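Chemist: Under UniProt numbering, the sequence shown has 105 at position 105, and the numbering climbs by one with no breaks.
Below is a structure I'd like to ask you about.
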Amino acid sequence: MTCEYGNLTYRLSQLLTDHGCFSVYLCRIRKYFSEGCEHCEFGRDDASHTLARCEAWSFLRELCKIVGRTLTDDSVIPIMLSREENWELVASFAEEVMLKEESERARQAISSPG
């Protein structure tokens, strides 16, 4: 696949690779105590959960429905590559989600003792 538009931003790459401030990743590298989602408390906090299931991000997924498909692990890259507008929608979703995840982790770091 080739693409002549769109930039792979830091936060978009975190979402696509399941790295960054997701609890599952942080737990795996021993930087966090739990794999659970802090936003909805239903499931493991990873990119797949964020893209398709977490209730906290449902409003952003609704915005992304303009592309005509649901965001999932399997659909996100084909959706991005299909049209420049779709790339921008997914990139905006990634920026919004990852910034809020990062803020949550920073807040937790400040409030944890030690």
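Virtual Cβ for every residue (Gly too), placed ideally from N, Cα, C.
Note that the coordinates shown come from a computational prediction; the quantities given were computed from them, not determined experimentally.
Please classify SER13: is it buried, with 16 or more other beta-carbons within 10 angstroms of its beta-carbon, or exposed?
Modeler: Looking at its Cβ environment, which holds fewer than 16 other Cβ atoms inside 10 Å, SER13 is exposed.
Chemist: Could you tell me which residues DSSP puts in a beta bridge with GLY36?
Modeler: Partner(s): ARG44.
Chemist: Out of HIS49, VAL97 and LEU60, point me to the one whose CA is closest to ASP74's CA.
Modeler: Answer by Cα proximity: HIS49.
Chemist: How is the alpha helix (DSSP H) around LEU63 delimited, first residue to last?
Modeler: Note, LEU63: alpha helix (DSSP H), 58-64.
Chemist: Rounded to whole angstroms, what's the CA-CA distance from LYS65 to ILE77? Just pull it up for me.
Modeler: Distance between the alpha carbons of LYS65 and ILE77 is about 15 angstroms.
Chemist: Cβ of GLU62 within 8 angstroms of Cβ of CYS40?
Modeler: Their beta carbons are not under 8 angstroms apart, which means GLU62 does not touch CYS40 by this criterion.
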